[in-house]
Amino acid sequence: MIVRPQQHWLRLIFVWHGSVLSKIFTRLFLNFLLSIAVIVMLPWYSSLGIKLTVAPFSILGVAIAIFLGFRNNACYSRYVEARQLWGQLMIASRSLFREVKNTLPDDPHLSEFVRLQIAFAHCLRMTLRKQPQADQLARYLSPAHLKAVMSSNSPSNRILLIMGEWLAVRRREGHLSDILFHSLNNRLNDMSVVLAGCERIANTPVPFAYTLILHRTVYLFCIMLPFALVVDLHYMTPFVSVLISYTFISLDALAEELEEPFGTENNDLPLDAICNAMEIDLLQMNDEPEIPARVLPDRHYQLT
Amino acid sequence: MIVRPQQHWLRLIFVWHGSVLSKIFTRLFLNFLLSIAVIVMLPWYSSLGIKLTVAPFSILGVAIAIFLGFRNNACYSRYVEARQLWGQLMIASRSLFREVKNTLPDDPHLSEFVRLQIAFAHCLRMTLRKQPQADQLARYLSPAHLKAVMSSNSPSNRILLIMGEWLAVRRREGHLSDILFHSLNNRLNDMSVVLAGCERIANTPVPFAYTLILHRTVYLFCIMLPFALVVDLHYMTPFVSVLISYTFISLDALAEELEEPFGTENNDLPLDAICNAMEIDLLQMNDEPEIPARVLPDRHYQLT
Amino acid sequence: MIVRPQQHWLRLIFVWHGSVLSKIFTRLFLNFLLSIAVIVMLPWYSSLGIKLTVAPFSILGVAIAIFLGFRNNACYSRYVEARQLWGQLMIASRSLFREVKNTLPDDPHLSEFVRLQIAFAHCLRMTLRKQPQADQLARYLSPAHLKAVMSSNSPSNRILLIMGEWLAVRRREGHLSDILFHSLNNRLNDMSVVLAGCERIANTPVPFAYTLILHRTVYLFCIMLPFALVVDLHYMTPFVSVLISYTFISLDALAEELEEPFGTENNDLPLDAICNAMEIDLLQMNDEPEIPARVLPDRHYQLT
Amino acid sequence: MIVRPQQHWLRLIFVWHGSVLSKIFTRLFLNFLLSIAVIVMLPWYSSLGIKLTVAPFSILGVAIAIFLGFRNNACYSRYVEARQLWGQLMIASRSLFREVKNTLPDDPHLSEFVRLQIAFAHCLRMTLRKQPQADQLARYLSPAHLKAVMSSNSPSNRILLIMGEWLAVRRREGHLSDILFHSLNNRLNDMSVVLAGCERIANTPVPFAYTLILHRTVYLFCIMLPFALVVDLHYMTPFVSVLISYTFISLDALAEELEEPFGTENNDLPLDAICNAMEIDLLQMNDEPEIPARVLPDRHYQLT
Amino acid sequence: MIVRPQQHWLRLIFVWHGSVLSKIFTRLFLNFLLSIAVIVMLPWYSSLGIKLTVAPFSILGVAIAIFLGFRNNACYSRYVEARQLWGQLMIASRSLFREVKNTLPDDPHLSEFVRLQIAFAHCLRMTLRKQPQADQLARYLSPAHLKAVMSSNSPSNRILLIMGEWLAVRRREGHLSDILFHSLNNRLNDMSVVLAGCERIANTPVPFAYTLILHRTVYLFCIMLPFALVVDLHYMTPFVSVLISYTFISLDALAEELEEPFGTENNDLPLDAICNAMEIDLLQMNDEPEIPARVLPDRHYQLT
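Here the protein sequences line up with chains A, B, C, D and E, keeping their order. Quick note: the first sequence, position 263, residue 263 per full-length UniProt numbering, numbers continuous. Quick note: the second sequence, position 184, residue 184 per full-length UniProt numbering, numbers continuous. Quick note: the third sequence, position 220, residue 220 per full-length UniProt numbering, numbers continuous. Quick note: the fourth sequence, position 100, residue 100 per full-length UniProt numbering, numbers continuous. Quick note: the fifth sequence, position 269, residue 269 per full-length UniProt numbering, numbers continuous.
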């Protein structure tokens, strides 16, 4: 994620980092070259009776804009939902530990429970990003738990099971009444909601045909555009063609980035920073002496 | 569902499998032939004083694009909701079994309960896809239960009733307090929400008149389009006409696929893979020795 | 509701039943006649210096399409919400009876309770459709209950009160603990949510001014359209004018149908079929011997 | 609120009452006069080299239509949410009283509690409409309660506090177990949700800048429109200009009405009727002898 | 926030304060100057064969309007959600204190608890606005609590922990049963939801690339617009160009303001007023003698 710099509106026009411009620059440059070629070739192919006008492209442009707007909406919703799920994880983690601490203030294993919670967040993050997990999780889990977690098909879910067992032991020992066990279990269920929600977003993309259809129509539109513009605009064709292409292609490219919000690209969610904030919060709630430092944006205003 | 291949943006333009192109190819080809016929016949029917211009088609095109955008939205919402319901089933299944296992760790019939849960997911999947169920369910249910389930009008609901009875027996025997029974029952209610939600999507389509009206206007628009384009574009008519038709017809066709998300077409939900993942998870949570293999996409990147 | 027939895309263009075409045919035919009149009168009124061009109608057409899209959305949301409410009734009914049956398996009056639940669904359906209720409800309610229900201003709510009393009696007799009574009461509250939600949709239409404004602009637009088209299209005016009018008027008419989803028109909800399915399910859950037959679509694919 | 009359589609075009036409008639008439002035002055200002064409207004018109559609959506959402909140109040009121009556069937002060509930609805209605409250509330509240309520900054909230105390007294006296007290308290919390939701809608308008920007662009657009139309349309300018202006101005005016849904204008919510229905329902649930008459629409089909 | 003044529709056109006009005036003025320069230079650069027409800008304008509509929607949703979260805080605060007061009417430390609740609201407000907190919080918190809160990374969350401990002490002392402790804890969880929701909105902006892409296309569009308009409109170019630019730039600027709803700009949320209302309500519920005065809008109708 790019943390928005506070810049003058005029300077924003020239910002390079964080826009999708770096990704689509080649495509826009090809469009520019094509426009120049079209200007040069115009006399030749006009003589063949080939001509294009702007009017049908107006219909096409509006239709593509509407459908692109729809796809942007769909992809942005996934991004927003993903962020909300991690917000809910923050809520459930804090509430769970607050209830545990208030209900079992003298339990000698509270710091074990806090580490289980932290491990859950990191484990979920690394599963979603397909990163290796064992080293990181070894800092929070006992060897026996680590082994059980790593051998599971769904490691985060296994950590939930271990947390549930931690609470169930207290219930069986009589430190938790059924009603409070039920209440704490609901917090675990909230974390289960986050887990399955993130899995859903990661495993089920926007139907691939949407991507294909819009990709295809956007690029065919941009390829044919210079031929239609050249009759009216002549020397100005490359500039107008690149501006229109930029509008359509950049939104197509951005929608693709947002569609998979758990990656590490410019416009993806800062899961590292969120996990870090959660870890700091939980450790402070347990009044632990060593608190990790806060993750800050790098010099390109980027958080991962 | 097509698992999105990681391909260069240029290659994506030529992807065939997974787009709806195979479905609508004939219609686009007919449009191409019609455009050629229109070019040939132009001198003849112009002499009759018949002429069409692009301007009114611009109004029509924008209006159809807006309404098509609306219908796409409605159909895509059904797809998203269907996927969310199956995500909720995953959540409820894991939470239910976690609570059962933590609360009744020594119950000798836990694996029976796990199989009831798995049977529910498979039964729901097969009901939605109108597939035969008895053979598959026989692997998870006792003969008595299987008979009761198969003779019911709503087999998945009957499995919920059996699960409720399984829990109620434990309550009557004193192994479950009322509060924990209430808590587990809420998980069954969550599964009931999924069941009725899926039935709703499967049984209540988007109002048929939407489909009819858009279908009709899209095709009439595409049929009349070459007549309007030919005056300006002449030889280029077929290419522009097919491109515009492709934009409209492909989105109409895709909306139709997404409207019924429980089928086995390219853009439908991968219920087989979801049931498989749920089965693996639940069996691992019960530490069972035999875990089925994971379902993977076929060589066309498709999951069913 | 029309159950969608599986038909070839080409045949769908000619489907008559279930589209709103039957309703708006007269209006389209008037538009056709007007277009012909306009062609005939063109020389006369051109000589008066009266002329219309397509360009301003393009602005108007797009604006109306956007606002019509908005109204369609609003009306379709009501339809979807109404369907979801009935889905929630299905969920609450099954969950309520499952909990009652699991908790009070030996209660001799279970079939009375099942009939109260069925009566609630039928009573709600008939209230929403303003149909006579006494005869139908007499099949499910005891005479004393029937009298109390029929004399109430909100009969469905009175049935909820009776169900609550049925449960409260068991609580007072010691067969239901407070926690289970509370749980069952929550199911009644879910049914209360459905009841008030349906009343809200039935009693509060989309603000009437939306209907008026769009109705007026759509029809004035369609009336003035032939005058604007005739200069460019001449003999083709009637065809293009009717096609554009069809697009706008049919969506206006469909929005009107969906706005009140509880009626018995083509595109309304099949409340009869839903109540029937609920009745079958509940009776089967109680293992009753006599189960009513399923309601099936008629030969026009219609369910009411 | 206008209860929609069942009228022929042709007559609907001429309905006056309930549309926003009465409000904006002057503005449309000014637009008409301006158009005539423009026709008269055309030769003079053309000679000065001043000219306007429709094309740039096409861009502007579409942009304004899109933004107006957005604002309509925002305002309509407020209307819908306000209606849903009052629907939730109906749900919470009925559920609360049903639970109270079933749990405490022999309590001698049930009718006091019913009146507290009715007072809450009326008090909320009158607060939202900034109407005097003391007289109306005196019919439902004891003098001591009335005094406490009227001296509070948030009178409806004070009634909730009194209801909570009513229940708490029964808990302390041992007539309500903690679990049932908790359950009833949740109903009070539901009513608190309605209260704060209504306050939010009433106190936080759509950001004022939206209103300003759209107001300004819509009116400037309508003022400049005749100048652009006159070159093409000449004598037809006033009719087309007024039709386009009507489309934009009426939706702008309607959005303004819906933005504050608690007023007493044509398109506002019928809070009087909703409170009346709630009162009848609650009194009938308590089998009280005197039930007030139902509020019916006046001869203009209007409910307040 | 600007409290909407009740003004005549005609006067609204000239309102200055509260619109974003003050912010974008320079940009519009530059656009005006550019238009005049374009008129002057027209003969010179036409002779070079450079020309622009309106048609391609029509495609671009519609596309930008659609994407701007999308971004406005996204930013406005953040504003609405932020307001709803503060509404939920109001709900949770009142419900929490009502339950505490009804359950523990004789507790001598109720006013301590009320101040903890008020401190939470102020602390959240000041965290979101990055304002200094210690002085303000010292009025509500004991020195020990203040120290713990100020040394925490997430001070509001620490206040929740203290409130939880306050309740847990009563539970351990036997004044709160487990079920009532669970109920009150749920209210704290509701406040935790608000806290994490506000943090999410404050820390995760709309993907920066959206802002960049739209900013860039809007300004390039407005810069090139006069060149396209001048051929048709000549002397009228500056007026039409500024009107179109105003429509696009003002909505772009407003979206930017709404994107971060917790600031103190014209269109941001009135957090001071909301906290003040909450403080008055809570103190009145505890019948405290000294109630602070209500915050009222300043003479520009503005609340902060």
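Where is the CB? At the ideal position from N, CA and C, for every residue including glycine. Note that the coordinates shown come from a computational prediction; the quantities given were computed from them, not determined experimentally.
Next on the checklist: Based on DSSP bridge pairs, tell me the residues matched to C:GLN302.
Outcome noted: C:ILE2
Checklist entry - With 16 as the cutoff for other CB atoms within 10 Å, does D:ASP281 come out buried or exposed? => result buried
Item to check | Nonlocal neighbours in the same chain, by C-beta distance under 7 Å from B:PRO238, ignoring five residues either side | outcome: PHE32, SER35 and ILE36
Item to check | Inter-residue CB distance, B:ILE24 and B:ALA253 (contact presumed, cutoff 8 Å) | outcome: 5 Å
Next on the checklist: Within a Cβ cutoff of 8 Å, which residues of the same chain sit near A:LEU68, ignoring the five residues on either side of it in sequence?
Outcome noted: LEU214, VAL218, PHE248, LEU251, ASP252 and ALA255
Next on the checklist: Between the alpha carbons of B:TRP44 and B:ASN203, how many angstroms are there, rounded?
Outcome noted: 51 Å
Item to check | Three or more C-beta pairs below 8 Å linking the stretch 226-233 of chain B and the stretch 117-134 of chain C | outcome: Segments in contact, no.
Next on the checklist: Can you tell me whether B:ASN157 is helix, strand or coil according to DSSP?
Outcome noted: helix
Checklist entry - Roughly how many angstroms separate the alpha carbons of D:ASN266 and D:SER19, rounded to a whole number? => result 8 Å
Next on the checklist: Residues of chain E with CB closer than 8 Å to the CB of D:LYS51, please, in chain order.
Outcome noted: ASP232, LEU233, HIS234 and MET236
Checklist entry - Helix or strand or just coil, what does DSSP make of B:TRP166? => result helix
Checklist entry - Which residues, in order along the stretch 275-287 of chain D, keep a beta-carbon less than 7 Å from a beta-carbon of chain C? => result ILE280, ASP281, GLN284 and MET285
Checklist entry - Are the beta-carbon atoms belonging to D:PRO155 and D:CYS198 less than 7 Å from one another? => result no
Next on the checklist: Please classify C:ASP178 as buried or exposed, where buried requires at least 16 neighbouring CB atoms within 10 angstroms.
Outcome noted: buried
Item to check | Limits of the alpha helix (DSSP H) - the one that C:ARG216 falls within | outcome: Note, C:ARG216: alpha helix (DSSP H), 208-233.
Checklist entry - Under the rule that 16 or more other beta-carbon atoms within 10 Å means buried, what is B:GLU173, buried or exposed? => result exposed
Checklist entry - Would you say D:LEU243 and C:LEU220 are within 7 Å of each other, going by their C-beta atoms? => result A contact, by the Cβ cut-off of 7 Å.
Checklist entry - In its own chain, which residues sit with a C-beta less than 7 Å from the C-beta of C:ALA228, not counting the 5 before and 5 after it? => result LEU52, THR53, VAL54 and PHE57
Item to check | chain D contacts from the stretch 102-113 of chain C (Cβ-Cβ distance under 9 Å) | outcome: none
Checklist entry - Quick one, which of A:LEU212, A:LEU180 and A:GLY87 has its alpha-carbon nearest A:PRO270's? => result A:GLY87
Checklist entry - Looking at the C-beta of A:LEU254, does it have a partner C-beta in chain E at a distance below 7 Å? => result yes
Checklist entry - If E:THR103 sits next to D:ALA273, beta carbons under 8 Å apart, how far is it from one beta carbon to the other, in whole angstroms? => result Cβ-Cβ separation between E:THR103 and D:ALA273: approximately 37 Å, too far for a contact (criterion under 8 Å).
Item to check | Beta-carbon proximity check, D:TYR140 vs D:ARG115, cutoff 7 Å | outcome: yes
Checklist entry - Exposed or buried, which one is E:HIS300 when buried takes at least 16 other CB atoms within 10 Å? => result exposed
Checklist entry - How would you write the range of the alpha helix (DSSP H) that A:SER111 sits in, first residue to last? => result 110-128
Next on the checklist: Is there a Cβ of chain C sitting closer than 7 Å to that of D:ASN267, yes or no?
Outcome noted: yes
Checklist entry - Would you report the Cα separation of E:VAL206 and E:CYS75, rounded to the nearest angstrom? => result 7 Å
Checklist entry - For the alpha helix (DSSP H) that contains C:HIS182, what are its first and last residues? => result Looking at the DSSP string, the run of the alpha helix (DSSP H) that includes C:HIS182 is 178-203.
Next on the checklist: Would C:LEU188 and C:LEU146 qualify as a contact pair, given that the criterion is a beta-carbon distance under 7 Å?
Outcome noted: Annotated as distal: C:LEU188 and C:LEU146, with beta-carbon spacing of 7 Å or more.
Next on the checklist: Please report whether the beta-carbon of E:ASP272 lies at a distance below 7 Å from any beta-carbon of chain A.
Outcome noted: Not an interface residue.
Next on the checklist: So, at 7 Å on beta carbons, what are the nonlocal neighbours of A:SER119 in its own chain, with the 5 sequence-adjacent residues on each side left out?
Outcome noted: Reading the sequence as shown, one finds Ala at residue 119 of chain A and not Ser. LEU137, TYR140, LEU141 and ILE159, listed in sequence order.
Checklist entry - Taking Cβ-Cβ distances shorter than 7 Å, what residues in chain B pair up with A:SER152? => result GLN284
Next on the checklist: Between E:ASP298, E:PRO143, E:MET236 and E:PRO226, which has its C-alpha nearest D:LEU48's C-alpha?
Outcome noted: E:MET236
Checklist entry - Can a CB atom of chain B be found closer than 7 Å to the CB of C:ARG27? => result no
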